[in-house]
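**Q**
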């Protein structure tokens, strides 16, 4: 059986990275709005998860948010657009780390399932 | 979580201490967990709304985007001061109608209302209070564990508090929570004290002693046995209990209690002593206050003179304890149990004596150090002899 709760959270974690990278290459305002929305949702979905790396996952998601929120303000005010792009790159790095943690967690889950049998 | 090293537990069995702090952390995580979906819906609707307005108006400059965000937020929250767009009114209003039809039930009725509800129902302040209490409790050492909250232990806690001794209360009955809070007890858990995990959870391994004062002897017995199995040394860990009769008191002592008090016997003796010695208001009250530790400015201690102590054979005048510490030797109890009250300066200290010393707690602490120094001196001398 597919765990649909996990599908949702994994979906948004991966989408956070892809939309973020999309903005870095396109510099498009629509893409930026999508990226920040998806990143915020990915953060909220990590709330209260009681798994092995839940604290680290939440931390990386908050890092990504704290990069993207100033990036959005800087981009739309037009004060310092290159810095906005730079911040988005930083957010993308945080998202990549988040995905690495996700993979580690999946491996541990499998290991634990094996132990239970 | 999950990666903690397996520590060797020194007591018997493989029972893990109950982690009270983690229980309340878990409760807090559960509150956050309930917020996931409502918050996600609110963020999603806001993001999609802003994006749609950007597409409809084909404007991506900062001012317009801020206005769109404003428009969406006041729409979702049903405040609606004004419209956040200027041109292309018809298309925007058409979008707003459709958007609100979806956003109002989803983001407002489900998202925002559920968020507020979670905060109101989950009692976050209480969770935080307990969490902070148990976090501080983990750092306690040298404290006393007191089982059961009743009139006897209330008196115990009151007197220990005066002396600045920390206590942790274990009470099986959760309904006593308001009384316990009103009484101002700093640390308390609601649990069964005869469980090993509970006693370990309140730090029995670092505690100085335990008081068990249940009305039922069986409950006291189970607590005493459990505690004594974890802390087998009677000198290091002090267990005091109450019993309803002498027979039960004897059993409790055999099973590990240091002292057992039978309330009816104690009260009867007190009454009879009052009958036999009609109380002088000042003297008996003074003695009582010292004996029951009611006065915080005066206390009494007992110092034993060990075998081979350099003090043996010296007179009280010679050791000059009063001049150095400020405490007074009020009585000497000889090895054979004879008591010498108010000994003169020429009294000679003998082997196996117990000195009763009266004074201010600070002076008594100095006196203890004073005698410790003598003991160390003795040990050094003994070592020297061994080397030779």
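Chains as they are written, first to last, in my numbering: chain A, 662 to 778; chain B, 13 to 400.
Virtual Cβ for every residue (Gly too), placed ideally from N, Cα, C.
1) Chain A beta carbons: is any one of them nearer than 8 Å to that of residue 26 of chain B?
2) Might you give, ordered along the chain, the residues of its own chain that have their beta carbon closer than 6 Å to the beta carbon of residue 752 of chain A, omitting 5 neighbours on each side?
3) Identify every residue that forms a DSSP beta bridge with residue 351 of chain B.
4) Which residue marks the beginning of the beta strand (DSSP E) containing residue 74 of chain B, and which one marks its end?
5) For the segment 211–222 of chain B and the segment 145–157 of chain B, state whether three or more C-beta atom pairs, one from each stretch, are separated by less than 8 Å.
6) Below 8 Å, can you find three or more Cβ-Cβ pairs linking the segment 95–108 of chain B to the segment 757–771 of chain A?
7) Do residue 347 of chain B and residue 362 of chain B come within 8 Å of each other at the CB atom, strictly closer than that value?
8) Report yes or no: is there a C-beta of chain B within less than 8 Å of the C-beta of residue 695 of chain A?
9) Is the beta carbon of residue 339 of chain B sitting closer than 8 Å to the one on residue 378 of chain B?
10) CA-CA distance, residue 198 of chain B and residue 140 of chain B?
11) Within the segment 707–776 of chain A, note down every full alpha helix (DSSP H) run reaching 4 residues or more, in order along the chain.
12) Return the CA-CA distance between residue 69 of chain B and residue 111 of chain B, expressed in angstroms with no decimal places.
13) I need the DSSP call for residue 267 of chain B, collapsed to helix, strand or coil.
14) If you pair each beta-carbon of the segment 692–705 of chain A with each one of the segment 43–57 of chain B, do three or more pairs fall below 8 Å?
15) Chain A beta carbons: is any one of them nearer than 8 Å to that of residue 44 of chain B?
16) Note down, in chain order, all residues in the segment 37–67 of chain B with a beta-carbon under 8 Å from any beta-carbon belonging to chain A.
17) Smallest Cα separation from residue 26 of chain B: which of B/89, B/167 and B/212?
18) Please confirm if residue 77 of chain B has its CB atom under 8 Å from at least one CB of chain A.
19) Drop a sphere of 10 angstroms on the beta-carbon of residue 714 of chain A, count the other beta-carbons inside from all chains shown, and report buried for 16 or more, exposed for fewer.
20) Could you please tell me which residues of the segment 325–339 of chain B, in chain order, have their CB closer than 8 Å to any CB of chain A?
21) For residue 321 of chain B, which of B/352, B/192 and B/331 has the nearest alpha-carbon?
22) Helix, strand or coil for residue 179 of chain B? Go by DSSP, reduced to three states.
23) I'd like to know if residue 74 of chain B contacts chain A, where contact means its C-beta is closer than 8 Å to some C-beta of that chain.
24) Can you name the residues that DSSP bridges to residue 28 of chain B?
25) Does the contact criterion of 3 or more C-beta pairs under 8 Å hold for the segment 386–400 of chain B versus the segment 352–368 of chain B?
26) Can you tell me which of the three DSSP states residue 113 of chain B falls into?
27) Distance, Cα to Cα, residue 233 of chain B vs residue 391 of chain B?
28) For a test of the three-state rule: what should DSSP assign to residue 253 of chain B, helix, strand or coil?
**A** Per the coordinate set shown:
1) Sequence index remark: in the second chain, residue 26 of chain B carries index 14 (1-based). Cβ-Cβ to chain A under 8 Å: no for residue 26 of chain B.
2) Position 91 of the first chain, counted from the first residue, corresponds to residue 752 of chain A. Result list for residue 752 of chain A: 681, 725, 728 and 729, in chain order.
3) Counting from one through the second chain, the residue named residue 351 of chain B turns up at place 339. Answer is B/345, bridged to residue 351 of chain B.
4) As a working mapping, residue 74 of chain B is identified with position 62 in the second chain. Where residue 74 of chain B is concerned, there is no enclosing beta strand (DSSP E), although the alpha helix (DSSP H) it sits in stretches over 74–88.
5) yes
6) Contact check between the segment 95–108 of chain B and the segment 757–771 of chain A: fewer than three CB pairs, one atom from each, fall below 8 Å, which does not count as touching.
7) Counting from 1 along the second chain, the entry for residue 362 of chain B is found at position 350. Counting from 1 along the second chain, the entry for residue 347 of chain B is found at position 335. The Cβ-Cβ distance between residue 362 of chain B and residue 347 of chain B falls below 8 Å.
8) Stepping through the first chain from its first residue, residue 695 of chain A is reached at position 34. Yes, residue 695 of chain A lies at the interface with chain B (some Cβ there is under 8 Å from its Cβ).
9) Walking along the second chain from the start, residue 339 of chain B turns up at place 327. Walking along the second chain from the start, residue 378 of chain B turns up at place 366. Contact: yes.
10) As a working note, residue 198 of chain B is residue 186 in the second chain. As a working note, residue 140 of chain B is residue 128 in the second chain. Rounded to the nearest whole angstrom, the CA to CA distance from residue 198 of chain B to residue 140 of chain B is 15 Å.
11) 715–738
12) What you label residue 69 of chain B is simply residue 57 of the second chain in a count that begins at 1. What you label residue 111 of chain B is simply residue 99 of the second chain in a count that begins at 1. Cα-Cα distance, rounded: 15 Å.
13) Here residue 267 of chain B refers to the residue found at position 255 when the second chain is read from its first residue. Residue state, collapsed to three classes: coil.
14) yes
15) As a working mapping, residue 44 of chain B is identified with position 32 in the second chain. With 8 Å as the cut-off, residue 44 of chain B counts as an interface residue toward chain A.
16) 38, 41, 42, 43, 44, 45, 46, 47, 48, 51, 52, 55, 56, 58, 59, 60, 62, 63, 66 and 67
17) Along the second chain, one-based indexing puts residue 26 of chain B at 14. Checked all of B/89, B/167 and B/212; the closest Cα to residue 26 of chain B is B/212.
18) The count along the second chain starts at 1 and reaches residue 77 of chain B at position 65. Answer yes: the Cβ-Cβ gap between residue 77 of chain B and chain A drops below 8 Å somewhere.
19) As a first step, residue 714 of chain A is located in the first chain; it is residue number 53 there, counting from the start. By the 10 Å Cβ count, residue 714 of chain A comes out buried.
20) none
21) In the second chain, counting from the first residue as 1, residue 321 of chain B sits at position 309. Ranking B/352, B/192 and B/331 by Cα distance to residue 321 of chain B puts B/331 first.
22) Taking the second chain and counting its residues from 1, one reaches residue 179 of chain B at position 167. Note: residue 179 of chain B maps to strand in three-state DSSP.
23) Position 62 of the second chain, counted from the start, is the residue given in the question as residue 74 of chain B. Chain A, which has a Cβ nearer than 8 Å to the Cβ of residue 74 of chain B, makes this yes.
24) What you label residue 28 of chain B is simply residue 16 of the second chain in a count that begins at 1. Beta-bridge pairing links residue 28 of chain B to no other residue.
25) no
26) Mapped onto the second chain, residue 113 of chain B falls at position 101. Residue state, collapsed to three classes: helix.
27) Counting from one through the second chain, the residue named residue 233 of chain B turns up at place 221. Counting from one through the second chain, the residue named residue 391 of chain B turns up at place 379. When rounded, the distance between both Cα atoms is 40 Å.
28) In the second chain, counting from the first residue as 1, residue 253 of chain B sits at position 241. Looking at residue 253 of chain B - three-state DSSP - the assignment turns out to be strand.
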